[in-house]
Amino acid sequence: MAQTKNIELIKNPLNLNNPITVQVLGICSALAVTVKLEPAIVMAISVTVVTALSNLIISLLRNTIPSRIRIIVQLMVVSFLVILVDQVLKAFMYELDKALSVYIGLIITNCIVMGRLEAFALGNKPLPALLDGIGNGLGYGLILVIVAFVRELFGSGQLMGFQIIPQGFYSIGYENCGFMLNPPMALILIGVVIWIQRSKMKELQEK
Amino acid sequence: MKALRKYLDKIKPNFEEGGKHPKLKSTFEAFESFLFVPNETTGAKGAHIRDAVDLKRTITMVIIALLPALFFGMWNVGYWHHAMTGEEAGFFCNLFYGLGQVLPIIAVSYISGLFLEFMFAQIRKEQVNEGFLATGLLIPMIVPVDCPLWMVAIATMFAVLIGKEVFGGTGMNIVNPALLARAFLFFAYPGKMSGDKVWVAGLGDEGTKVVDGFSGATPLGELAHGTAFDALTVGKEPLSILDMFLGYMPGSIGETSTLCILIGAVILIWTGVASWKIMVSGVLGVLGMGLLLNIFGESSYTQIPFWSHLLLGGFAFGIVFMATDPVTAAQTETGKWIYGFLIGVVAILVRVVNPAFPEGVMLAILLMNVCAPLIDHIVVRQNVKRRLNRAKVAAQKN
Chain W
384 MAQTKNIELI KNPLNLNNPI TVQVLGICSA LAVTVKLEPA IVMAISVTVV
434 TALSNLIISL LRNTIPSRIR IIVQLMVVSF LVILVDQVLK AFMYELDKAL
484 SVYIGLIITN CIVMGRLEAF ALGNKPLPAL LDGIGNGLGY GLILVIVAFV
534 RELFGSGQLM GFQIIPQGFY SIGYENCGFM LNPPMALILI GVVIWIQRSK
584 MKELQEK
Chain E
104 MKALRKYLDK IKPNFEEGGK HPKLKSTFEA FESFLFVPNE TTGAKGAHIR
154 DAVDLKRTIT MVIIALLPAL FFGMWNVGYW HHAMTGEEAG FFCNLFYGLG
204 QVLPIIAVSY ISGLFLEFMF AQIRKEQVNE GFLATGLLIP MIVPVDCPLW
254 MVAIATMFAV LIGKEVFGGT GMNIVNPALL ARAFLFFAYP GKMSGDKVWV
304 AGLGDEGTKV VDGFSGATPL GELAHGTAFD ALTVGKEPLS ILDMFLGYMP
354 GSIGETSTLC ILIGAVILIW TGVASWKIMV SGVLGVLGMG LLLNIFGESS
404 YTQIPFWSHL LLGGFAFGIV FMATDPVTAA QTETGKWIYG FLIGVVAILV
454 RVVNPAFPEG VMLAILLMNV CAPLIDHIVV RQNVKRRLNR AKVAAQKN
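Spelled out as structure tokens, the structure:
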């Protein structure tokens, strides 16, 4: 019984309870870092690490945190983890860290992280909390990767920096769609993902 | 005619429930009601408004009103192409050349848009709406003649999908789909939508023979580059005010001739399809903003005569055919005045103050489309407040 429940904790946020498309959290960073696939993947991994570990830590501390100062404690834990991630990125992927600029730092204020801490970690045991964090991070990452895939393919004709659309297309008049590189297009794409998801899943449709 | 009717009746059972192609029912109905007056009449029970003016008639009126500007646009395309190559060409030669350039764009816009419309009607089991027939003609008239056909197709599909179908189809859209298509093209492929190469057919192609000193820039493009109003040229000739009014200048296909657009405006107002309040207040907004810029502006662009904004660029076309779209415009009578006025003001503000957008009309109308429900809301609230106050005063007197 407990086993199946734990799997649900990871599976649900990918689909039925996706943080971006269903809960509509973490939209701002999804708009900003999805121009190319590579930063989107790095961002997805960073957020997953931060949500998973902060969920774990807060869940371990949950019985000792006085509820009046819990937000401050949560912020401390999250910012500690974010700074850690930031430093790792700076050390090993400096160029990418520059490309992501403030958005790594802004994970601290990412609604998904705080939302999972408040909604789940404070009331659950460490293992489920860890799984929930991983699941939500991956759910966020999934949408990021889908949006970034479309935007990089049609906006720059590349994927992960490699040219995908052949040169022959350009010589017969094909052009990259500049609108894909603008943030509004990310919003429209997320909207389209939500549209497709809702029309496929009866559970999500309001009466 | 009778044979056609018989044929339709014969194949009709195929599309009913349980027939061969029940999924194509709305497609069949669309063609049937396109060819014949629908056989269903208003029921005898209940209160109904009976009027011959349905959506089909309204859209037909819009298309008729668009025709003068469209034909002038075709002729204009031919005229500037032949002016560029330096060939002598007669009236019909110009017209037929333009027809050959413009017809493919119209065909592509109709086919790609109607394909999506029919698809959605099938999926939702609704009737196909006539609304796209106007949109599909408006899109070709507001793009440059050299816009590649596949871009027109993508923009049309984007506009129908994101501008209309996500909101629930004809009558539910927030922004004007035709303008959305143009905005999409403008931001997605700026190289094909602005500059001085795209407005004359064939000017951007390699190996085209171009007469020395010929410029394909639109007057607004030149003004944005700092040319003085008196020194404006089109092609090689100086541009007179009569030319501006009649439309002898490069530009998007249907928008250059203020005269033809005025004819369209008269048709629309006379048949009651479009609101004259929006048009008049839009013109007032342009004149007011132009005058303000004349008085306080410092650059040479702000000093062009304030009335010339009405003749240059797409303002006339936008305010007559786009801003008055009854779905996306303000609904209340006071709201229409505010809505039109603000379109005029914002259009000229964007046009003159921001050189990156020589054509601000598109952005102004889209912006006000989004604001129209807000304007209506405020107008209605004010009205409620006024009437409440009146009731209170009356109550106190008693």
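Going down the list, the protein sequences come from chains W and E. Per our numbering, numbering through the first sequence is continuous, rising by one, with the last residue being 590. Per our numbering, numbering through the second sequence is continuous, rising by one, with the last residue being 501. Glycine residues also receive a C-beta, built at the ideal position from the N, C-alpha and C atoms.
- Taking the Cα positions, residue 355(E) is about 23 Å away from residue 234(E).
- With a cutoff of 7 Å on beta-carbon distance, residue 416(E) and residue 323(E) are scored as near each other.
- Among the CB atoms of chain W, one or more fall inside 7 Å of the CB of residue 291(E).
- Within the segment 251-278 of chain E, 251, 265, 269 place their CB atoms closer than 7 Å to a CB of chain W, listed in sequence order.
- Of the residues 105(E), 169(E), 152(E), 114(E), the one whose Cα lies closest to the Cα of residue 139(E) is 105(E).
- Scanning chain E for C-beta atoms nearer than 9 Å to the C-beta of residue 558(W) yields 251, 254, 291, 292, 294, 295, reported in chain order.
- Residue pairing by DSSP puts residue 341(E) in a beta bridge opposite 336(E).
- When the Cα atoms are used, residue 489(E) and residue 581(W) turn out to be separated by approximately 44 Å.
- Residue contact with chain E for residue 561(W): present (Cβ-Cβ distance below 7 Å to some residue of chain E).
- Under a 10 Å Cβ-count criterion, residue 398(E) is classified as exposed, with fewer than 16 other Cβ atoms of the shown protein chains found around its own Cβ.
- Of all C-beta pairs linking the segment 478-485 of chain E to the segment 452-463 of chain E, fewer than three are shorter than 8 Å, placing the two stretches out of contact.
- In this chain, the alpha helix (DSSP H) harbouring residue 550(W) covers 550-554.
- Within 7 Å of the CB of residue 223(E), no CB atom of chain W is found; the nearest one sits about 12 Å away.
- Taking C-beta atoms under 8 Å as the contact rule, residue 487(W) and residue 429(W) qualify, at a distance of about 6 Å.
- Between residue 302(E) and residue 380(E) a beta carbon distance of about 32 Å is seen, past the 8 Å cut, so the two are scored as non-contacting.
- If you draw a straight line from the Cα of residue 242(E) to the Cα of residue 268(E), it comes to about 17 Å.
- In terms of Cα proximity to residue 133(E), the closest of 200(E), 224(E), 152(E) is 224(E).
- In the DSSP assignment, residue 295(E) falls within the unbroken alpha helix (DSSP H) covering 293-296.
- Non-local beta-carbon contacts of residue 278(E) in its own chain, meaning distances under 8 Å to residues more than five positions away in sequence, involve 266, 431, 469, 472, 473 in chain order.
- For residue 351(E), there is no enclosing alpha helix (DSSP H), as DSSP marks it with neither H nor E.
- Shown here, residue 582(W) sits in a helix according to DSSP, grouped into three states.
- Per DSSP, reduced to three states, the secondary structure at residue 139(E) is coil, with no helix or strand assignment.
- Taking the beta carbon of residue 571(W) as reference, the chain E residues within 8 Å of it are 265, listed in sequence order.
- Residues 446, 449, 450, 453 of the same chain have their beta carbon placed closer than 7 Å to that of residue 467(E), with the five preceding and five following residues left out of the count.
- Ranking 304(E), 255(E), 305(E) by CA distance to the CA of residue 281(E) puts 255(E) first.
- Taking C-beta atoms as the reference points, residue 340(E) and residue 420(E) fail to come closer than 7 Å.
- CA-to-CA, the gap between residue 198(E) and residue 258(E) works out to about 26 Å.
- For residue 204(E), the enclosing alpha helix (DSSP H) has its first and last residue at 194-227.
- When DSSP states are grouped into helix, strand and coil, residue 541(W) belongs to the strand group.
- Looking only at 261(E), 331(E), 388(E), 477(E), the smallest Cα-Cα distance to residue 288(E) is reached by 261(E).
- The residue from 404(W), 397(W), 399(W) with its alpha-carbon nearest to that of residue 569(W) is 404(W).
- Assignment of residue 470(W) by DSSP, reduced to helix, strand and coil, places it in the helix class.
- When the Cα atoms are used, residue 376(E) and residue 162(E) turn out to be separated by approximately 9 Å.
- By the Cβ rule, the segment 431-451 of chain W counts as touching the segment 499-507 of chain W, because three or more pairs are nearer than 8 Å.
- Taken atom to atom, the span from the alpha-carbon of residue 425(W) to that of residue 545(W) is near 17 Å.
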